[in-house]
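Single-structure report; data block below.
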């Protein structure tokens, strides 16, 4: 049985230095409008990965916006920032206190789309990876498990318009996933803001 991310008092069971969650970071109107626009305007692609010495298609679509590739050898085109994503980037940076230089979009078309257990690799070599994740559309369970003890699990249902900030050493000690479901589901888009260049700290925002 999976543990809940919050206790009965709605306090995070994972330390605050590893994770923060705002279930209503965007308004319903903002979330609905951005979801509709991204579904219809992003040039979505289905990437290929090697699994058990065989090339397979990832069970989701994706797109990368920024000024340089997300990582060396990545085949996705580097797309220029549209106005709406730049505005969202500014808002996310103000909340996170970090300046990001790219955003990876993942499009989960239905309940059959997923991402397997993994930890995001450091995008800046030698430094901790901090990722700000915006969820739009269908609510999906976001699962965590300890790398050292897979029985230690937590799960949170990511709400439409929510912000999840993964901080510090989370990627070092924990893995996460979005699992497939037998329950029919509608579209979900996840936007993960990342650093791929030098470290900068966001300016103070009044």
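Residue numbers (the UniProt record's numbering): 1 to 206. Think of the CB as a built atom: it goes at the ideal place given N, C-alpha and C, for glycine as much as any other residue. Values in this document were obtained by computation on a predicted structure and should not be read as measured data.
Check                                                                                                          : Outcome
Sub-7 Å separation of residue 194 and residue 131 beta-carbons                                                 : yes
Residue 14 beta carbon less than 7 Å from that of residue 167                                                  : no
Classification of residue 115 by the beta-carbon crowding that lies within 10 angstroms, buried from 16 upward : buried
Chain C within 7 Å of residue 46, Cβ atoms only                                                                : This model lacks chain C altogether; it includes just one protein chain.
Exposure of residue 87, with buried meaning 16 or more beta-carbon neighbours within 10 Å                      : exposed
Start and end residues, alpha helix (DSSP H) containing residue 249                                            : Limits of the chain in this structure are 1 at one end and 206 at the other, which puts residue 249 out of reach.
Residue environment, residue 108, which counts as buried when at least 16 other CB atoms sit within 10 Å       : buried
Anticipated Cβ contact below 8 Å, residue 163 with residue 22, distance rounded                                : 5 Å
Span separating the alpha-carbon of residue 91 from that of residue 32                                         : 17 Å
Inter-stretch contact (C-beta, 8 Å, three-pair minimum) for the segment 30 to 47 and the segment 178 to 196    : yes
Inter-stretch contact (C-beta, 8 Å, three-pair minimum) for the segment 142 to 162 and the segment 172 to 181  : yes
First and last residue of the uninterrupted alpha helix (DSSP H) at residue 121                                : Residue 121 -> no alpha helix (DSSP H), and no H or E assigned at all.
Contact under 7 Å by Cβ, residue 47 with residue 58                                                            : yes
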